[in-house]
């Protein structure tokens, strides 16, 4: 498996992207990561696909250098627009869009602007909020309340950012909390693709305040945007630490087809990097059945 990082000019800055298996020809897949992660985290999933894949670093993550405005962030549309710009400028032909968690949602939100460009879609545990959850960011004081009382957002703000070295960060994360079942190779890729040097050693490139803001920015409608996904689209959901409900999964299923909603009750939210073979298998199936014409 070969990989190479490139930087691309974008409005307001640059977007960093990791090319995996570039020698296989034009890019067939663009992958968007989960909040707080980065494109390189998913290298071990994309490598076995045997096609040229691109794992982007979304705004505020990894080595992408685009402006972040915490006060203005209410939804994921800005990330979708970044994907549209990146693909329109740099990826010729039809392409599969895929992603994990918030990246899976950003990919859905990009679909209306890429209707003639999409060969397929695979979402891994896309954050699927009910109607009331999508209203909170627009309520005065709503995001402030979420930052204080929603556990995942509250914890993100308190995340340790500074480490003496990559090795120190690896020892800190290995086998702990969300990384308990993550293979060492993937954890190392997460750190290599998401830490940058500073005067005190190494720090996470994703600012914890930005990560927190993303968790609270749910004022978007993935169900409406999903109407523009290809017919062969699939969404794989986890049952543990769920970011969906039976109702929201059914709602997305009414758009893309209930048979295209795959629910795995034993999986947790980070299953793509905890079960990389499963994720690679789902992407391989999409590649085989993609609409390349």
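Numbering (the numbering used here), first residue to last: -10 to 282.
Glycine is no exception: its CB is placed at the ideal position from the N, C-alpha and C atoms.
These figures come from a predicted structure and were not determined experimentally.
How do the region 76 to 94 and the region 52 to 61 stand: do at least 3 beta-carbon pairs fall below 8 angstroms, yes or no? Cβ pair count under 8 angstroms is below three, so no.
Find the nearest neighbour of residue 171 within the set 18, 31, -8, -4, judged by alpha-carbon distance.
-> Taking only the C-alpha atoms, the option nearest residue 171 is 31.
Is residue 101 closer than 7 angstroms to residue 217 when the C-beta atoms are compared? If you check the CB distance, residue 217 and residue 101 come in under 7 angstroms.
Through-space distance from residue 254 to residue 175, alpha-carbon basis
For residue 175 and residue 254, the distance between alpha carbons rounds to 23 angstroms.
For this session: Answer yes or no: do residue 33 and residue 265 have a C-beta to C-beta separation smaller than 7 angstroms?
Result: In this structure, residue 33 places its C-beta atom within 7 angstroms of the C-beta atom of residue 265.
Can you tell me the Cα-Cα spacing of residue 226 and residue 234, whole angstroms?
Each residue's Cα considered, the two are about 10 angstroms apart.
(message) What does the Cβ neighbour count give for residue 286, buried or exposed, with the cut at 16 atoms within 10 Å?
(response) The structure shown does not extend to residue 286, since the chain is modelled only from -10 through 282, so no value can be given for it.
Q. The alpha helix (DSSP H) spanning residue 204 covers which residue range?
A. Looking at the DSSP string, the run of the alpha helix (DSSP H) that includes residue 204 is 197 to 205.
Self-check item: Sequence-distant residues of the same chain with beta carbon closer than 8 angstroms to residue 124, five excluded per side
Solution: Scanning its chain for C-beta atoms nearer than 8 angstroms, with the 5 sequence neighbours on each side dropped, one finds around residue 124 the residues 131, 208, in chain order.
(message) Our contact map puts residue 230 next to residue 24 with C-beta atoms below 8 angstroms; I'd like the distance itself, whole angstroms only.
(response) That pair is no contact at about 14 angstroms.
Tell me the residue span of the beta strand (DSSP E) that contains residue 15. For residue 15, there is no enclosing beta strand (DSSP E), as DSSP gives it neither H nor E.
Q: Tell me, to the nearest whole angstrom, how far the beta carbon of residue 214 is from that of residue 180; I am working on the premise that it is less than 8 angstroms.
A: Residue 214 to residue 180, Cβ: 32 angstroms. No contact.
Q.
Assuming residue 221 and residue 109 are in contact, meaning their beta carbons sit under 8 angstroms apart, how far apart are those beta carbons, in whole angstroms?
A. Correct: roughly 5 angstroms between the Cβ atoms.
*asked:* Taking 6 angstroms as the limit between beta carbons, can you name the residues of its chain near residue 269, skipping five residues before and five after?
replied: Here the set comprises 34, 37.
Using 7 angstroms as the threshold, is the C-beta distance between residue 196 and residue 29 below it? Going by C-beta atoms, residue 196 is not nearer than 7 angstroms to residue 29.
Point to revise | Close-in-space but distant-in-sequence residues of the same chain around residue 66 (CB under 8 angstroms, 5 per side omitted) | key: Cβ within range, chain order: 98, 209.
Candidates 51, 40, 250: which alpha carbon is nearest residue 13's? For residue 13, the nearest C-alpha among the options comes from 40.
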